[in-house]
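In this note's numbering, each residue carries its 1-based index in the sequence shown increased by 6.
No residue lacks a Cβ here, since even glycine has one placed at the ideal position from N, Cα and C.
Remember, it's a predicted structure, so these values are computed and weren't measured experimentally.
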Amino acid sequence: MITSDERYLLHRYIVADLMHRTLMKDWQYIEPMKMAEVFSLWFEQQTITLRRECKLLKSQLQAKGLKILRLTVLDEYFCIYTIATRGEDMDLQYAINALKSEVQDEVQKRLFALNTPMQRKE
């Protein structure tokens with residue numbers, strides 16, 4: 007049995023890992039854009055940050071005796087993460103659309119955190 011704190015860490019790791027993989031996959035689509043250099047720098051910065059976050063979260067999970075063994079996609083709506091604990095393996099089922107929404111929200115937070123409203127000079 008995992009505690010709510012451990013479940014929170016697992017969820018944060020899953021979202022961070024999915025966001026990292028999504029950004030790496032989508033990076034190739036910014037090449038034809040006019041502002042490709044700017045977006046490429048942002049993608050690079052975020053992938054480095056996410057890699058660090060994933061490593062930190064993974065080490066925290068390992069300290070608690072947890073490890074994500076595999077991801078199994080059931081169908082177009084649900085997936086299962088198999089988690090190894092100190093005694094048994096557990097399955098956590100997620101709705102794919104919910105994970106996608108969380109990843110999109112997190113990307114928006116990070117992207118718009120850079121945005122500051124432009125001040126008008128009068």
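- In terms of Cα proximity to residue 52, the closest of 67, 30, 39 and 69 is 30.
- The beta carbons of residue 67 and residue 15 sit closer together than 7 Å.
- Taken through DSSP and simplified to helix, strand or coil, residue 92 comes out as coil.
- Look at the beta carbons and you see the stretch 102 to 112 touching the stretch 80 to 92: at least three pairs across the two are nearer than 8 Å.
- Cα atoms of residue 87 and residue 106: separation of roughly 15 Å, rounded to the nearest angstrom.
- Taken through DSSP and simplified to helix, strand or coil, residue 61 comes out as helix.
- In this structure, the CA atom of residue 17 is about 32 Å from the CA atom of residue 42.
- DSSP places residue 78 in the uninterrupted beta strand (DSSP E) bounded by 73 to 79.
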